[in-house]
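Numbering (UniProt numbering), first residue to last: 1 to 290.
The structure is reproduced here in structure tokens:
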């Protein structure tokens with residue numbers, strides 16, 4: 001979806017990567033304009049996988065290692081690199097990045113990027129996948145939004161860097177009040193110009209849809225997800241994050257967006273630090289009621 005959205009501008013309205021969108025904003029005249037509907041959020045402490053036989057016991061041990069990534073610009077990877085540097089002193093330049101497809105050989109960046117001179121990026125060998133390289137110990141770890149197949153299949157030497165990722169993420173939120181944002185809603189800019197009411201209407205519609213979903217999730221007389229302990233997990237989340245943990249809108253998420261945009265610029269993905277108001281349609285920067 002993101003490849004089609006950014007390479008071929010295929011959609012009128014689409015979920016889009018916050019990172020790729022931020023790159024397009026700095027390059028001028030982006031095809032989409034964003035709405036502060038955050039369709040994907042996640043604590044990315046779950047996104048770092050390691051070979052457990054390579055002497056990696058703590059984040060600092062990633063220095064000098066070869067770490068696989070599908071794309072450097074992925075929003076999840078921006079967050080992980082920022083957290084590793086800010087909380088553990090591991091800079092992006094401390095790692096050799098190996099780019100490739102997870103389960104299919106070869107994967108280009110959806111938007112071409114020029115990385116800083118101190119970043120070492122190499123392509124996976126022709127015909128190799130990151131999963132097969134991690135499985136064989138040819139890379140020391142993997143960072144990405146989706147777990148590698150060899151981890152889900154129980155490879156004896158592949159694990160998470162943060163073994164108790166939930167407790168680690170809870171501590172991170174207590175310190176920062178940040179619930180990382182991955183994706184936003186994008187609308188074709190020419191469409192928003194033709195129908196200026198559309199962005200605000202979409203924000204209200206998606207907000208109402210989220211409210212209905214949350215009400216359904218909270219009705220645990222017959223759970224709406226195929227997962228046990230729904231009540232317990234909901235109570236744990238609400239105790240930590242309040243009654244609206246997955247908030248939409250700029251006002252409640254400015255501190256999250258600011259941290260991401262800081263990371264994005266410091267990692268060289270955007271040539272300048274983007275401002276929040278550059279991302280979103282003006283009509284969605286404040287809410288109103290009917």
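C-beta atoms are modelled at their ideal positions from N, C-alpha and C, and glycine is treated no differently.
* Asked: In three-state terms, what does DSSP make of residue 132?
  -> In the structure shown, residue 132 falls within a helical segment according to DSSP collapsed to helix, strand and coil.
* the stretch 238–252 contacting the stretch 66–75, beta-carbon criterion three pairs below 8 Å -> Taking a cut-off of 8 Å on C-beta distances, the stretch 238–252 does not touch the stretch 66–75, as fewer than three cross pairs fall below it.
* Asked: To the nearest whole angstrom, what separates the beta carbons of residue 19 and residue 74, a pair I think is in contact under 8 Å?
  -> Correct: roughly 6 Å between the Cβ atoms.
* To do: Please report how far the alpha carbon of residue 136 lies from the alpha carbon of residue 160, in whole angstroms.
  => Note on geometry: alpha-carbon atoms of residue 136 and residue 160 lie some 17 Å from one another.
* Asked: To which residues of the same chain is residue 22 closer than 6 Å at the C-beta, ignoring the five residues directly before and after it?
  -> Residues 264, 270, 274 of the same chain have their beta carbon placed closer than 6 Å to that of residue 22, with the five preceding and five following residues left out of the count.
* To do: Would you kindly work out how many angstroms separate the C-alpha atoms of residue 204 and residue 72, rounded to a whole number?
  => Going by the C-alpha atoms only, they are around 33 Å apart.
* Asked: Mind checking residue 47: buried by the 16 CB within 10 Å criterion, or exposed?
  -> The residue is buried, with at least 16 neighbouring Cβ atoms inside 10 Å.
* To do: Assign residue 250 to one of three DSSP states: helix, strand, or coil.
  => In the structure shown, the three-state DSSP call for residue 250 is coil.
* Taking Cβ to Cβ, would you say residue 43 is nearer than 7 Å to residue 169? -> Cβ distance < 7 Å, so residue 43 and residue 169 count as in contact.
* To do: Just confirm the distance between the C-beta atoms of residue 189 and residue 31, as a whole number of angstroms; I'd bet it's less than 8 Å.
  => The Cβ separation is near 6 Å, so the contact holds.
* **Closest residue to residue 192 among 183, 184, 202 (Cα-Cα distance)** => With distances taken between Cα atoms, residue 192 lies closest to 202.
* Asked: In the structure shown, what three-state DSSP assignment does residue 88 receive?
  -> In the three-state DSSP reduction, residue 88 falls in the helix class (H, G or I).
* Asked: Per the contact definition of three or more C-beta pairs closer than 8 Å, is the stretch 82–94 in contact with the stretch 105–113?
  -> As far as the Cβ criterion goes, the stretch 105–113 does not touch the stretch 82–94, which means the pair count is below three.
* When the Cα atoms are used, what is the spatial distance from residue 14 to residue 187? -> Each residue's Cα considered, the two are about 6 Å apart.
* To do: Count the other C-beta atoms from every protein chain shown that fall within 10 angstroms of the C-beta of residue 166, then say buried if there are 16 or more, exposed otherwise.
  => Residue environment for residue 166: exposed (fewer than 16 other C-beta atoms within 10 angstroms of its C-beta).
* Neighbourhood of residue 155 by C-beta distance below 7 Å, restricted to the same chain and skipping five residues each side -> These residues qualify, in order along the chain: 135.
* Asked: From this set, 228, 148, 172, 200, which residue's C-alpha is nearest residue 87's C-alpha?
  -> Nearest option by C-alpha distance: 172.
* **Exposed unless 16 or more other CB atoms sit within 10 angstroms - verdict on residue 240** => A residue is called buried when at least 16 other Cβ atoms come within 10 angstroms of its Cβ; residue 240 does not meet this threshold and is exposed.
* Can you tell me the Cα-Cα spacing of residue 58 and residue 50, whole angstroms? -> Taken atom to atom, the span from the alpha-carbon of residue 58 to that of residue 50 is near 10 Å.
* For the beta strand (DSSP E) holding residue 120, just list the boundary residues, first then last. => That run of the beta strand (DSSP E) goes 120–123.
* To do: Per DSSP, which residues does residue 66 bridge with? Please list them.
  => Within the DSSP bridge table, the entry for residue 66 names 96 as partners.
* **Cβ neighbours of residue 118 in the same chain (closer than 6 Å, five flanking residues each side left out)** => Around residue 118: 93.
* Output the boundary residues of the alpha helix (DSSP H) element that contains residue 182. => Residue 182 -> not in any alpha helix (DSSP H); beta strand (DSSP E) instead, spanning 181–188.
* Cα-Cα, which of 199, 216, 236, 96 is closest to residue 36? -> Check the Cα spacing between residue 36 and each of 199, 216, 236, 96: the tightest is with 199.
* Asked: Exposed or buried, which one is residue 229 when buried takes at least 16 other CB atoms within 10 Å?
  -> Residue 229 should be labelled exposed.
* residue 211 to residue 16, Cα distance in whole Å? -> Taking the straight line from one Cα to the other gives about 21 Å.
* Asked: Taking C-beta to C-beta, are residue 100 and residue 124 nearer than 7 Å?
  -> Yes, the Cβ-Cβ distance between residue 100 and residue 124 is below 7 Å.
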